[in-house]
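To start, the structure under review is shown below, and the notes come after it.
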Amino acid sequence: MKLDYLQALKRIPEARGAWVLHGQEPLLEQNLLDAFRKSWHEQNIERQRYDISNVSDWKTVFNALNSLSLFSTQLAIEVHGNIKPDANGIKLLTQYLQHNEQNLLLIVMPKQDSSSLKSGFFKVIDANGVNVNLTAHYPQDRQRILAVEAEKLGIELANNAWQWLEQHHEHNLLAAKNSLMRVRDTFPDLAQIGIEQLFACLQDQSRYSTFDLSDALLEGNFAQAVKIYQYLLASGEPMSLLLWSISKEMRLLMQLFEQPQNALQLGIWKTKVSLYQQALRRLNPKQFLTWPTLLLRIDASIKGLSQENPEQLILQAIAMLCGRQLFH
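Given below as structure tokens:
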């Protein structure tokens with residue numbers, strides 16, 4: 013079964029079997045994960061988390077799914093990674109779906125390309141589980157999602173304000189939500205927020221944005237990138253948004269290195285293609301192999317799952333994108 017984000021939100025309380033969340037929208041991923049964890053807590057469902065670093069890790073996951081603790085009747089296992097099960101893992105997945113109706117396997121993956129979505133793993137999920145693509149391609153989809161966020165915050169936007177908000181953030185849902193929070197705090201007594209309030213609030217607090225950081229990274233301007241990064245930290249920019257910006261640039265550079273003729277198909281704006289090409293000429297492709305591990309470390313540190321400092325790790329990622337090395 014295939015669901016979009018809003019459909020998935022409504023089905024969380026009765027979620028069982030296997031669900032896969034994949035995409036490049038951190039707001040949608042985090043909202044769904046928060047809703048799942050809240051539901052598990054309310055239903056007293058035991059939760060475990062696993063990070064997949066190689067194919068053999070899937071055996072551990074399926075062993076855990078079939079063994080409850082003495083104090084649990086249901087189990088939810090949260091799996092993070094971009095490595096799909098091999099043939100043996102798909103066999104274990106099929107057996108789990110056929111015989112275990114109470115537990116939930118929730119798999120969180122980055123954006124998948126069309127060939128990956130046609131793999132044996134996704135065929136099993138589509139036929140027997142739930143496939144949630146965390147995307148919002150169209151303006152009306154993004155507005156529906158942000159309208160839900162605005163309702164949670166207790167604010168209402170005028171019709172023309174929605175278009176301004178989207179254009180201001182270049183379709184970045186997480187940044188748009190943060191702006192909704194900002195404008196709510198700035199104008200707490202207004203019944204409806206218009207363009208004037210958005211402009212006044214966001215212009216005052218947007219000396220630099222994550223888009224400025226991305227440009228500095230692609231240009232290899234380390235001093236400017238650090239300056240923007242420090243400003244964003246001081247202005248309270250969420251670490252998850254900073255990670256999203258950096259991981260997006262790393263992912264696009266790795267994809268463009270493998271598919272140099274497909275810049276536009278990869279989602280790179282036409283006006284930015286030359287920036288990405290210059291960055292590739294400046295960077296050493298061997299470093300790309302270390303990027304996924306660093307991004308996982310940053311994600312874990314932001315979520316409090318490790319003792320590492322996320323600010324220092326993000327600074328390390330900024331240095332790498334600029335062709336620098338902070339630590340030997």
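The sequence shown begins at 13 in my numbering and counts up one residue at a time. Each residue gets a CB set at the ideal place from its N, CA and C atoms; glycine is no exception.
CB of residue i within 8 Å of CB of residue j, strictly
{"i": "residue 336", "j": "residue 269", "result": "no"}
{"i": "residue 243", "j": "residue 157", "result": "no"}
{"i": "residue 97", "j": "residue 133", "result": "yes"}
{"i": "residue 230", "j": "residue 291", "result": "yes"}
{"i": "residue 110", "j": "residue 86", "result": "no"}
{"i": "residue 299", "j": "residue 266", "result": "no"}
{"i": "residue 209", "j": "residue 195", "result": "yes"}
{"i": "residue 146", "j": "residue 34", "result": "yes"}
{"i": "residue 161", "j": "residue 192", "result": "yes"}
{"i": "residue 57", "j": "residue 91", "result": "no"}
{"i": "residue 95", "j": "residue 77", "result": "no"}
{"i": "residue 206", "j": "residue 173", "result": "yes"}
{"i": "residue 136", "j": "residue 106", "result": "yes"}
{"i": "residue 125", "j": "residue 93", "result": "no"}
{"i": "residue 264", "j": "residue 271", "result": "no"}
{"i": "residue 188", "j": "residue 181", "result": "yes"}
{"i": "residue 259", "j": "residue 307", "result": "yes"}
{"i": "residue 44", "j": "residue 20", "result": "yes"}
{"i": "residue 186", "j": "residue 252", "result": "yes"}
{"i": "residue 232", "j": "residue 334", "result": "yes"}
{"i": "residue 29", "j": "residue 140", "result": "yes"}
{"i": "residue 250", "j": "residue 190", "result": "yes"}
Residues near residue i by beta carbon distance below 6 Å, same chain, minus five either side
{"i": "residue 318", "result": "312"}
{"i": "residue 5", "result": "Residue 5 is absent from the model: the chain starts at 13 and stops at 340."}
{"i": "residue 316", "result": "none"}
{"i": "residue 51", "result": "24 and 25"}
{"i": "residue 27", "result": "116"}
{"i": "residue 103", "result": "none"}
{"i": "residue 32", "result": "119, 137 and 143"}
Per-residue burial, residue i [other beta carbons within 10 Å of its own, 16 or more giving buried]
{"i": "residue 281", "result": "exposed"}
{"i": "residue 222", "result": "buried"}
{"i": "residue 163", "result": "exposed"}
{"i": "residue 159", "result": "exposed"}
{"i": "residue 275", "result": "buried"}
{"i": "residue 340", "result": "In this prediction, residue 340 scores a pLDDT of 48, lower than 50, which makes its location untrustworthy; no coordinate-derived value is stated."}
{"i": "residue 184", "result": "buried"}
{"i": "residue 225", "result": "buried"}
{"i": "residue 154", "result": "buried"}
{"i": "residue 246", "result": "exposed"}
Contact set for residue i: own chain, Cβ-Cβ below 7 Å, skip 5 residues either direction
{"i": "residue 310", "result": "255, 322, 325, 326 and 329"}
{"i": "residue 297", "result": "269"}
{"i": "residue 341", "result": "Nothing can be reported for residue 341, as the shown portion of the chain is limited to 13 through 340."}
{"i": "residue 355", "result": "Only positions 13 to 340 of the chain appear in the structure, and residue 355 is not among them; the question remains open."}
Proximal residues to residue i (C-beta, below 8 Å), its chain only, five neighbours per side dropped
{"i": "residue 138", "result": "13 and 14"}
{"i": "residue 199", "result": "205, 209 and 213"}
{"i": "residue 285", "result": "275 and 276"}
{"i": "residue 131", "result": "96"}
{"i": "residue 79", "result": "none"}
{"i": "residue 60", "result": "76, 87, 88, 89 and 90"}
For the region 72–114, which segments carrying the beta strand (DSSP E) assignment without a break, of at least 3 residues, lie completely within its bounds, in sequence order? 87–92
Would you check if the region 34–42 and the region 63–80 touch, i.e. whether three or more CB-CB distances between them fall below 8 Å? no
Within the region 148–222, note down every full alpha helix (DSSP H) run reaching 4 residues or more, in order along the chain. 151–165, 171–180, 185–198 and 207–216
Restricting to runs no shorter than 4 residues, where is the alpha helix (DSSP H) found entirely within the region 268–338? 285–294, 303–314 and 322–333
Ordered list of alpha helix (DSSP H) runs contained in the region 32–78, each at least 4 residues: 38–54 and 69–77
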